[in-house]
Every structure is written in structure tokens, then in C-alpha cells.
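Please read the structure below before turning to the comments.
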DNA sequence: AGGCCGATCCTCT
DNA sequence: GAGGATCGGCCTA
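In my numbering, the protein residues as written are 41 to 271.
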């Protein structure tokens with residue numbers, strides 16, 4: 041048998057739910073440095089370290105967050121946000137992409153954290169799988185690390201890129217408990233301790249465009265956005 | 001029933 | 001730096 045640990049089990053250990061039972065700004069900074077890990081139906085896994093996030097506030101806040109999907113209360117699409125902390129909220133955008141959030145706060149409060157970028161992790165085989173998911177040529181990934189900066193960014197720098205790389209869809213992943221050891225999509229931690237994050241306004245929104253709710257790890261190559269927002 | 005628009009990405013200039 | 005793809009969801013009527 042030549043099944044490497046990488047392709048059969050997730051790295052690190054499951055995150056404690058208490059870390060996410062909190063306001064989105066605090067949950068967001070705690071998510072930085074954690075690992076998002078997905079097990080595909082064929083048993084392979086794809087993983088990345090979270091390097092950029094954005095907080096979206098629930099409608100109970102004053103003032104409420106007009107950029108949040110929960111702004112106008114529960115709907116069929118956003119109901120996961122009003123449920124318990126630590127679940128995946130995956131939605132489709134522009135008809136062709138998905139974005140993924142982590143719900144936070146106690147049940148009834150709809151705060152959440154958008155995952156905007158990952159540093160890809162894993163073996164060459166795993167990186168190549170992510171490249172295939174992204175529709176990229178696997179050749180730059182077939183030898184594993186070190187990955188060129190440009191190749192790493194092409195994989196997982198951006199909220200919809202990371203969903204593509206990990207094969208995340210609304211149909212398969214929306215509502216999953218990220219802290220359940222049997223879940224095919226989990227949040228893990230491996231002892232990585234990030235420094236104080238860069239804090240900026242959120243990207244790509246029109247409402248509340250100046251609220252400082254984007255958090256990124258300084259010096260991380262996969263952080264998205266224009267240079268001045270990448271630390 | 002219909003219209004509008006987006007927490008994006010990619011291509012081209 | 002700008003524009004197009006593409007469609008589900010939410011709002012108005």
C-alpha cells in the first residue's frame with residue numbers, strides 16, 4: 041500500500057467551536073492561519089492555509105451591515121448564516137462562481153466570515169489536483185514545492201478561486217459542519233501562529249465600502265487584491 | 001411575471 | 001484599467 045498520510049487524512053486537529061462563537065471581527069482574525077481541508081469523493085484531499093478573510097455583520101448589529109447577505113433577514117439562500125457557528129455558507133455569484141463563508145456567533149445571529157485566499161498546501165499530487173479543478177496546466181504543480189508565487193496565486197488567491205481549487209459547490213458543501221470529524225470539509229489547526237493581521241476595507245462591495253473588516257496575513261504571497269492592500 | 005445586479009474572474013488594451 | 005460572461009436570488013408589481 042502506498043497511501044501517503046497526505047492523501048488519506050487531514051493535517052492538524054479540528055478547531056474548537058468556541059473560537060467561532062464570537063463576533064465576526066474576532067472570528068475572522070482567529071480563522072487566519074487555520075487550514076481548510078476538503079476530502080473529495082475519491083478519497084483524495086485538498087488543503088490550504090487561510091491567509092485572507094472578511095467579516096460580514098449580522099442584522100442585529102447597530103448599524104447593520106448593508107453589504108451582508110443577511111442584511112434583510114433570513115431567506116432560502118442565507119439560512120445557514122442564522123444557524124450555529126462553524127458551518128459552511130456557500131453561495132453562487134455571477135452565475136459561474138462560488139464563494140465560501142464560515143458562520144459564527146450563537147444560533148440566531150447571522151455573522152459570518154468570507155474566505156478570500158488560501159496558501160495551497162499538500163503534496164505535488166494534491167497541488168496538481170487543485171490545478172485541474174482550476175482549469176490550469178498541472179505542469180508547474182507536478183513537482184510540488186517550492187511553488188512559484190505566480191503559480192500559487194493562480195490556484196487559491198481569491199474567494200472563488202479557492203472554491204474552485206478545493207472543488208467546493210453550493211450543492212455539495214453548503215450547510216456542512218466544518219467542525220465535525222466526519223465532515224468532508226473541515227477547519228483544522230496545526231500550531232501555525234500568525235502575527236497581527238493587516239486590516240483594510242473589504243474588497244468588491246459597494247455598501248459600507250469603508251468599514252475596516254478585511255484581515256490579511258502580512259507578507260503572504262496569496263493575499264488577493266491590489267498591491268497596496270496586500271501588505 | 002419580470003427586471004436588476006452581484007462578497008468574481010479572465011481577457012484584452 | 002475596462003468590459004463581458006452568465007444566472008440565481010431578491011425586489012417590485
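Beta carbons: idealized from backbone N, C-alpha and C, even for Gly.
The Cβ-Cβ distance between residue 100 and residue 68 does not fall below 9 Å.
The closest CA to that of residue 264, considering only 241, 247, 248, is found on 241. Residue 126 and residue 218 do touch by the CB rule: their CB atoms are close to 5 Å apart, below 8 Å. For residue 251, the closest C-alpha among the options 108, 82, 176 is that of 108. At the C-beta level, residue 80 and residue 51 stay beyond 9 Å of one another. Ranked by how close their Cα comes to the Cα of residue 253, the residues 73, 128, 152, 146 have 152 in first place.
By DSSP's assignment, residue 159 forms a beta bridge with 89. Closest by C-alpha distance to residue 139, out of 111, 204, 169, 166, is 204. When C-alpha distances from residue 176 are compared across 255, 194, 92, the shortest belongs to 194.
Rounded to the nearest whole angstrom, the C-alpha separation of residue 62 and residue 221 is 21 Å. Within the segment 178-229, the complete beta strand (DSSP E) segments at least 3 residues long are 225-229, listed from N- to C-terminus.
With a threshold of 16 other beta carbon atoms within 10 Å, residue 174 meets it and is buried.
Cβ-Cβ separation between residue 156 and residue 199: approximately 5 Å, consistent with a contact (criterion under 8 Å). For residue 256, the enclosing beta strand (DSSP E) stretches over residues 254-256.
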